[in-house]
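One structure is given here, and the rest of the page talks about it.
Protein chains in written order, with the numbering used here: chain X, 11 to 167; chain V, 16 to 283.
What follows is the structure, encoded as structure tokens:
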């Protein structure tokens, strides 16, 4: 067991040399890397949080849009239904008017036909009456002279 | 096991003798260099610096490799230890603490090598070089040499003054030395107390480390004296226990250095 003074001094010089090397070439790069990683991780975490928040925002927004779309679709459907009903109503109206018109025209025609037939009938009745009267009188009637009388008669029937 | 023809006492003293540049046998040598301690500790230091330098060069802020992970864990641990007690600029103190921790750890770890391994190789080398292998002395545990532990503790001792003067100023330091802790009226007692306290620090630092590792080495040597079949259990037990001692002593040396420097740096 011995303590050697030269050894102590030499060892101290070596020691300070080692500390200097550690301080200059080992400590700073590693602590720098550690610090950089720490900030990187912090940034990553912040970004992740931001992403999650924006995702939440987006899903909220999409839900809102969906709701709006649903309401709009409902509106459109209702409007279409209404329009269809209106169209049907309108068509019904037109059809009815047409039918009425057709009926009216038919009626008119019938009326005219009836009038025509009556006229014809009247004429025939006049002739018949004249022929009847001639037969009854058994004599010749001057058709020309009695035309006025006959016509009057025919108008009366 | 003791070599044939040697008494246990000779075996032990042979193991406890330094590879020295001279043949001074005094307790304190003013002339001899302990070449074994110097060379082995310097090699261990260079190994430490090389490994850490490789990690530092390859250091990325991305995904770290295994070496970088290991180095980062150590650096983070040391940095946190320093941060806990030293409140100031850490650009010097933290690397100092790391160097002390790893270097002392490696010194101590040499104790786990089989006690006869390197001395046997050394003796064989001596014989091969044509020297007498009986005079081939080498001690492989630097921290079991007072020169190494005192070199560290005296360095810390000097740094305590540097940090005291930096933190309090030269005048402030001497004022505290004269008036603290009993006040100016009990100046002689202050001086005695502070003198003892100041000197006790490097002494206790160096002797604690030296004592633990010297004792550890000695017990390994004594276990090696047993017959081979009786060595396994005590050898294994002591080695396992020593893993704790090795780490703990390195940690204590580092922590006390930090504490002393922070006490020196701060006002009371």
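The beta-carbon is built from N, C-alpha and C at its ideal position, and this holds for glycine as well.
Item: Assign residue 43(V) to one of three DSSP states: helix, strand, or coil.; Value: strand
Item: Just the C-alpha distance for residue 132(X) and residue 140(X), rounded to the nearest angstrom, thanks.; Value: 12 Å
Item: Quick one: what does DSSP say residue 126(X) is sitting in, helix, strand or coil?; Value: helix
Item: Under the three-state reduction of DSSP, which class applies to residue 257(V): helix, strand or coil?; Value: helix
Item: Show which residues of chain X have a CB atom less than 7 Å away from the CB atom of residue 170(V).; Value: 22, 25, 26
Item: So which residues of chain X does residue 258(V) contact, with C-beta pairs closer than 8 Å?; Value: Simply none; closest approach about 24 Å.
Item: Between the Cα of residue 276(V) and those of 52(V), 29(V), 211(V), 98(V), spot the shortest distance and give me the residue it belongs to.; Value: 98(V)
Item: My assumption, with CB atoms under 8 Å, is that residue 51(V) sits in contact with residue 44(X). Please give the rounded CB distance.; Value: Going by Cβ atoms, the distance from residue 51(V) to residue 44(X) rounds to 37 Å, so no, they are not a contact pair.
Item: Determine, for residue 288(V), whether the minimum Cβ-Cβ distance to residues of chain X falls below 8 Å.; Value: Only positions 16 to 283 of chain V appear in the structure, and residue 288(V) is not among them; the question remains open.
Item: Just the Cα atoms here: how many angstroms apart are residue 139(V) and residue 148(V)?; Value: 7 Å
Item: Please check the pair residue 168(V) and residue 221(V), which I expect to be a contact at CB under 8 Å, by giving their CB distance rounded to whole angstroms.; Value: 4 Å
Item: For residue 19(V) and residue 33(X), what's the separation of their Cα atoms in angstroms?; Value: Note that residue 19(V) scores a pLDDT of 48, beneath 50, so its modelled location is shaky; the value from the coordinates is reported in the next line. Cα to Cα, the separation comes out at about 50 Å.
Item: Determine, for residue 74(X), whether the minimum Cβ-Cβ distance to residues of chain V falls below 8 Å.; Value: no
Item: Taking all protein chains shown into account, decide if residue 161(X) is buried (16 or more other Cβ within 10 angstroms of its Cβ) or exposed.; Value: exposed
Item: Please state whether the Cβ-Cβ distance between residue 239(V) and residue 246(V) is less than 8 Å.; Value: yes
Item: Does residue 42(V) get closer than 8 Å to chain X when you measure Cβ to Cβ?; Value: yes
Item: Could you tell me which residues DSSP puts in a beta bridge with residue 49(V)?; Value: 35(V)
Item: 8 Å is my cut-off, CB to CB: does residue 120(V) come that close to chain X?; Value: no
Item: Which residues in chain V have a C-beta closer than 7 Å to the C-beta of residue 29(X)? List them in chain order.; Value: 110, 111, 114
Item: Is the CB of residue 71(V) under 8 Å away from at least one CB in chain X?; Value: yes
Item: Can you find a C-beta in chain V that's less than 8 Å from the C-beta of residue 80(X)?; Value: no
Item: By the three-class DSSP mapping on this structure, what secondary structure does residue 22(V) have?; Value: coil
Item: Kindly indicate which residue of 85(V), 164(V), 204(V) has the alpha-carbon position closest to the one of residue 264(V).; Value: 164(V)
Item: Check distances from the C-beta atoms of the segment 79–107 of chain V to those of chain X and list, in chain order, the residues that come in under 8 Å.; Value: 79, 83, 86, 87, 90, 91, 94, 106, 107
Item: Is the Cβ of residue 69(X) closer than 8 Å to any Cβ of chain V?; Value: no
Item: Does the segment 21–36 of chain X come within contact of the segment 44–62 of chain V, defined as at least 3 CB pairs closer than 8 Å?; Value: yes
Item: Quick one, which residues of the segment 141–163 of chain V are near chain X if we go by CB-CB under 8 Å, in chain order?; Value: 160, 161, 162, 163
Item: If you draw a straight line from the alpha carbon of residue 284(V) to that of residue 102(V), how long is it in whole angstroms?; Value: An answer regarding residue 284(V) cannot be provided, because it is not within the stretch 16 to 283 covered by chain V.
Item: According to the Cβ coordinates, are residue 44(V) and residue 12(X) closer than 8 Å?; Value: yes
Item: For a test of the three-state rule: what should DSSP assign to residue 74(V), helix, strand or coil?; Value: coil
Item: Which residues share a DSSP beta bridge with residue 284(V)?; Value: Since the first and last residues shown for chain V are 16 and 283, residue 284(V) lies out of range.
Item: Taking only runs that begin and end inside the segment 69–156 of chain V, name each unbroken beta strand (DSSP E) of 3 or more residues, in chain order.; Value: none
Item: In the DSSP assignment, find the alpha helix (DSSP H) that holds residue 207(V) and state where it starts and stops.; Value: 202–239
Item: Does any CB atom of chain V fall closer than 8 Å to the CB of residue 55(X)?; Value: no
Item: Can you give me the Cβ contacts of residue 62(X) inside the same chain, cut-off strictly under 6 Å, excluding the 5 residues immediately before and after it?; Value: none
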